[in-house]
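When we follow my numbering, the leftmost residue of the first sequence carries the number 190, and every step to the right adds one. Following: one structure in structure tokens, then a few remarks.
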Amino acid sequence: MHKIEVPNHHFRIDQICGSGQCFRLDRVEDRIYEVIAGEKYLKIKQYPDKTSFYCTEKEYTCFWKMYFDLDVCYETYIESIDKGDTYLSKAAAFGEGIRILRQDVWEMIVSFILSQQNNIPRIKQLIRILCEQCGEERRSPEGRVYYTFPTAERLSEVEESTFREWKLGYRSRYLQETARAVAEGKVRLSDLSGMEYETAKKELMKLCGIGAKVADCICLFALHKLDAFPVDTHIQKVLEREYKKGFPFERYRGYAGVMQQYIFYYDLKNGVAMKEM
DNA sequence: GTTCAGGTGGGAT
DNA sequence: ATCCCACCTGAA
190 MHKIEVPNHH
200 FRIDQICGSG
210 QCFRLDRVED
220 RIYEVIAGEK
230 YLKIKQYPDK
240 TSFYCTEKEY
250 TCFWKMYFDL
260 DVCYETYIES
270 IDKGDTYLSK
280 AAAFGEGIRI
290 LRQDVWEMIV
300 SFILSQQNNI
310 PRIKQLIRIL
320 CEQCGEERRS
330 PEGRVYYTFP
340 TAERLSEVEE
350 STFREWKLGY
360 RSRYLQETAR
370 AVAEGKVRLS
380 DLSGMEYETA
390 KKELMKLCGI
400 GAKVADCICL
410 FALHKLDAFP
420 VDTHIQKVLE
430 REYKKGFPFE
440 RYRGYAGVMQ
450 QYIFYYDLKN
460 GVAMKEM
């Protein structure tokens with residue numbers, strides 16, 4: 190099996206895995222991860238100093254390098270952090286290997302519609318059901334079975350009641366209506382990446398089940414609009430606790446979303462650590 | 001039994 | 001505009 194090796198410069202798969210931006214990236218063995226993006230499958234092995242991508246040179250340069258945003262230097266983002274901002278400095282040091290992925294728009298729309306009032310394991314489970322029921326079965330180079338992410342056209346054919354049987358709950362209607370709207374071309378997904386952040390966000394919010402928070406997640410994790418700063422209940426609490434005078438969005442103009450990820454990951458992992466004490 | 005988990009839509013003010 | 005609350009489900 191052909192593989193590509195890259196140094197781990199501000200790149201940690203486990204951190205990306207735990208940052209909640211991707212629901213189809215999983216650790217399958219020690220150091221080994223698998224990710225499915227749209228129709229594509231990739232096996233990854235990450236050592237302390239380097240990462241092996243099990244794919245061809247072409248697949249790496251044309252897709253995965255871009256997908257993991259490996260052309261961008263995240264050290265620059267981290268170095269720009271206000272040294273007097275102890276909380277953000279600690280958060281960034283803790284999650285320094287996080288990268289903002291460039292995921293598929295439709296996949297993020299569905300994933301974050303399902304994410305509301307839901308936890309990560311359950312979101313993953315719901316996505317797994319959708320892929321197994323409506324995606325296409327494929328095999329990895331090593332023969333592992335996986336399922337592609339179902340298209341809007343395919344999901345628009347599914348009854349709302351069927352989604353409810355699959356335990357999507359009240360999100361069933363949102364998904365049904367959004368899949369239909371996208372399949373009918375009411376919102377043209379291919380146009381979104383060319384739009385400014387605010388415009389793309391407004392366009393996304395035309396879809397049923399997509400409010401400000403979900404739209405920001407889609408802007409950040411699919412459209413790579415780094416201005417997007419999704420505020421969920423977790424981030425809200427951190428802002429109230431650590432930034433009573435307001436978060437310095439001006440200072441991080443153009444990449445506040447990267448800071449959001451450091452904060453989110455830091456808060457999420459510390460929350461778990463606290464519970465285990 | 002209650003609350004909460006990475007919110008949103010719809011209706012009342 | 002802003003507030004309020006119902007909404008599916010499963011786990012603590």
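Backbone N, C-alpha and C define an ideal beta-carbon position, used for all residues, glycine too. No experiment lies behind these values; they were computed from the predicted model shown.
- Glu268 sits in a helix when the DSSP states are folded into three classes.
- Shown here, Lys375 sits in coil according to DSSP, grouped into three states, outside any helix or strand.
- For Phe418, same chain residues with a beta-carbon under 6 Å away, outside a window of 5 residues either side, are Ala445, Gly446 and Gln449 in chain order.
- Setting aside the 5 residues that flank it on each side, Ala341 is surrounded in the same chain by Trp295, Ala368, Val371 and Ala372, each with a C-beta closer than 7 Å to its C-beta; the list follows chain order.
- In this structure, the straight-line span from the alpha carbon of Phe410 to that of Arg440 is close to 21 Å.
- Buried is the label assigned to Cys323, since at least 16 other Cβ atoms lie within 10 Å of its Cβ.
- With fewer than 16 other beta carbons inside 10 angstroms of its own, Pro237 counts as exposed.
- Taken in chain order, the unbroken stretches of beta strand (DSSP E) that lie wholly in the region 265-329 and span 3 residues or more are 326-328.
- Residue environment analysis places Cys262 among the exposed positions, since fewer than 16 neighbouring C-beta atoms fall within 10 angstroms of its C-beta.
- Close CB contacts of Ile407 within its chain, under the 8 Å cut and outside five residues either way in sequence, are with Val294, Met297, Ile298, Phe301, Leu393 and Ile399 (chain order).
- Per DSSP, Glu228 lies in no alpha helix (DSSP H) and is assigned neither H nor E.
- Going by DSSP, Tyr386 is part of the alpha helix (DSSP H) stretching over Tyr386 to Leu393.
- A check of alpha carbon separations from Asp416 across Thr422, Ala404 and Gln425 identifies Ala404 as the nearest.
- In the three-state DSSP reduction, Glu366 falls in the helix class (H, G or I).
- For the 8 Å CB-CB criterion, Tyr276 and Glu431 form a contact.
- Listed in chain order, the non-local C-beta contacts of Cys397 below 6 Å within the same chain comprise Tyr363, Glu366 and Thr367, local neighbours out to five positions each way being set aside.
- Ranked by how close their Cα comes to the Cα of Lys232, the residues Ile267, Glu325, His198 and Ser329 have Ser329 in first place.
- Under the 8 Å Cβ criterion, the region 303-310 does not count as touching the region 194-206, having fewer than three qualifying pairs.
- For Asp215, the uninterrupted beta strand (DSSP E) segment begins and ends at Leu214 to Glu218.
- Residue burial annotation: Ser361 is buried, with at least 16 other C-beta atoms found within 10 angstroms of its C-beta.
- Secondary structure of Ile399 (DSSP, three-state): coil.
- Here the C-alpha atom of Pro339 lies approximately 13 Å from the C-alpha atom of Leu315.
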